[in-house]
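Colleague: Following this message is one structure expressed as structure tokens.
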Amino acid sequence: MIKTIEWTENGVVMIDQRLLPSEEVYNTYATVDEVADAIVTMVIRGAPAIGVAAAMGIALGVNNLVDDNNLQSDFEKICRIMHSTRPTAKNLFWAIARMERLFKNLAGRTPFVSLKEELINEAIAMHQEDIEINRRIGKYGQEVLSSGDTVLTHCNAGALATAGYGTALGVIRGAVEAGKAINVFADETRPFLQGSRLTAWELAHDDIPCTLITDNMAGWFMKQGKINCVIVGADRIAPNGDAANKIGTYSVAVLAKAHNIPFYVAAPISTFDPDISTGEEIPIEQRDTREVTEINGRIMAPGNIRIENPAFDVTPASLISGIITEYGIARVPFPESIADFFRLAEKQ
Ligand code: MRU
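Residue numbers for the sequence shown follow numbering that gives the first Met the number 0, beginning at 0 and rising by one.
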């Protein structure tokens, strides 16, 4: 299995996703600042993966403290560093909140050395749980696919975007493991090219047939009947079913609707945001405009042009056929279905 992130005695080991597919380089990140920088600079990306990285970064930050004289303020500072990395993926804030809860329960009641161990164990547990959750998403999700289907996906919601196995690609892996013949069309996903650099690489690694297309080709292949289903991941989902994902996802959803092709979102419950009502409240990260104007350091636009580079968009629930989670597939009416899953998650 592709290794995205791992806790080791020397620090957090991550594959540098910026170098894929040409180089497979694993680096060790030994401080909370180094882990935060890895999230900001996209060494690691994808909502569940950055959640796990944040938890490990916090565990690392506390583990590196030499004493507990200012434990509360040191811990708050460590969490603030993680908070300010990227704004859209709910999993990041979900993971920080889980570490904060554990800290609150233990600080002052547990020896400092045990507190450090507990935080490390929690981060490692979150890593393992994420893989199990993705396998459950894969099991539920594979039911929407039939042998011979061709699935379009956008961005990378695979092993690289999670602790392992993937969400959208987890559904595809689940179908393949169930013996179904599945073809994948991967959108290249401008401007950061997660589709061509990461999804195509991951699927080739697992021998799952994949055709790479540029984003603007999707509609034409749909029109020709070459795509049966769309499955994407998500960075944050509102309780009404509106889902934020990589920029371009909304366009794919509109195209799928126009061609009567089912459009699924696959994501764990930790991606859902119970504190908002609709997708309008989801913060959208704006990234460096050079991602749009430069390719491999070469300028592709005039210097005096205005540029926009939102990293995510929001697909309204009305365009979504179902949201595949570890508790099953949420369907219309989404608010009821999602509320049921929240209740199931709370019981665990
Ligand atoms: O900017 P990125 O690469 O972090 O964006 C990633 C995505 O949009 C993924 O589709 C999403 O996080 C789901 S990953 C299982």
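In this text, a Cβ means the ideal position worked out from N, Cα and C, and glycines have one as well.
#1: Which class does Met-125 belong to by DSSP, given the choice of helix, strand or coil?
#2: How is the alpha helix (DSSP H) around Ala-300 delimited, first residue to last?
#3: Given a cut-off of 8 Å, decide if Ser-269 and Trp-93 are closer than it, judged by their beta-carbon atoms.
#4: Rounded to whole angstroms, what's the CA-CA distance from Pro-261 to Gly-240? Just pull it up for me.
#5: Could you tell me the boundaries of the alpha helix (DSSP H) in which Ala-180 lies?
#6: Do the segment 48-58 and the segment 105-122 meet, that is, are 3 or more Cβ pairs less than 8 Å apart?
#7: Return the CA-CA distance between Leu-114 and Ala-252, expressed in angstroms with no decimal places.
#8: Taking 8 Å as the threshold, find out whether the segment 213-223 comes into contact with the segment 165-180 through three or more Cβ pairs.
#9: Per DSSP, which one or two residues make a beta bridge with Asp-312?
#10: List the endpoints of the continuous beta strand (DSSP E) containing Gly-224.
#11: Of all the beta strand (DSSP E) runs that stay within the bounds of the segment 30-99, which reach a length of 3 or more residues?
#12: Pairs of beta-carbons, one from the segment 229-247 and one from the segment 287-307, closer than 8 Å: are there three or more?
#13: By Cβ distance below 6 Å, which residues in the same chain neighbour Ile-322 in space, the five residues on each side in sequence not counted?
#14: Whole angstroms are fine: how far does the CA of Ser-21 sit from the CA of Gly-224?
#15: Residues in the same chain with beta-carbon distance under 7 Å from Leu-64, minus the five sequence neighbours each way, listed in chain order, please.
#16: Exposed or buried, which one is Gln-347 when buried takes at least 16 other CB atoms within 10 Å?
#17: For Pro-47, is the beta carbon positioned less than 7 Å from some heavy atom of ligand 1?
#18: Where do the N-terminal and C-terminal ends of the beta strand (DSSP E) with Glu-5 fall, by residue?
#19: Checking 8 Å against the spacing of the C-beta atoms, do Asp-312 and Ala-88 come in under that value?
#20: Are Glu-325 and Pro-267 closer than 8 Å when you measure CB to CB?
#21: Check whether the segment 156-176 touches the segment 126-140, taking contact to mean three or more Cβ pairs, one atom from each stretch, closer than 8 Å.
#22: Once DSSP output is grouped into helix, strand and coil, what is the label at Phe-191?
#23: DSSP has Thr-210 in a bridge; who is on the other side?
#24: Measure how close the beta-carbons of Ala-424 and Gly-50 come, nearest whole angstrom, since I'm counting them as under 8 Å.
Modeller: Answer, in terms of the structure:
#1: helix
#2: Where Ala-300 is concerned, there is no enclosing alpha helix (DSSP H), given that its DSSP letter is neither H nor E.
#3: yes
#4: 15 Å
#5: Looking at the DSSP string, Ala-180 is not in any alpha helix (DSSP H), and its letter there is neither H nor E.
#6: yes
#7: 46 Å
#8: no
#9: Asn-244
#10: Taken as a continuous stretch (DSSP letters only), Gly-224 belongs to no beta strand (DSSP E), as it is neither H nor E.
#11: none
#12: no
#13: Val-264 and Ala-329
#14: 33 Å
#15: Asp-73
#16: exposed
#17: yes
#18: 4-7
#19: no
#20: yes
#21: yes
#22: coil
#23: Phe-184
#24: What the structure shows of the chain is the stretch from 0 to 347, and residue 424 is not part of that stretch, so it cannot be assessed.
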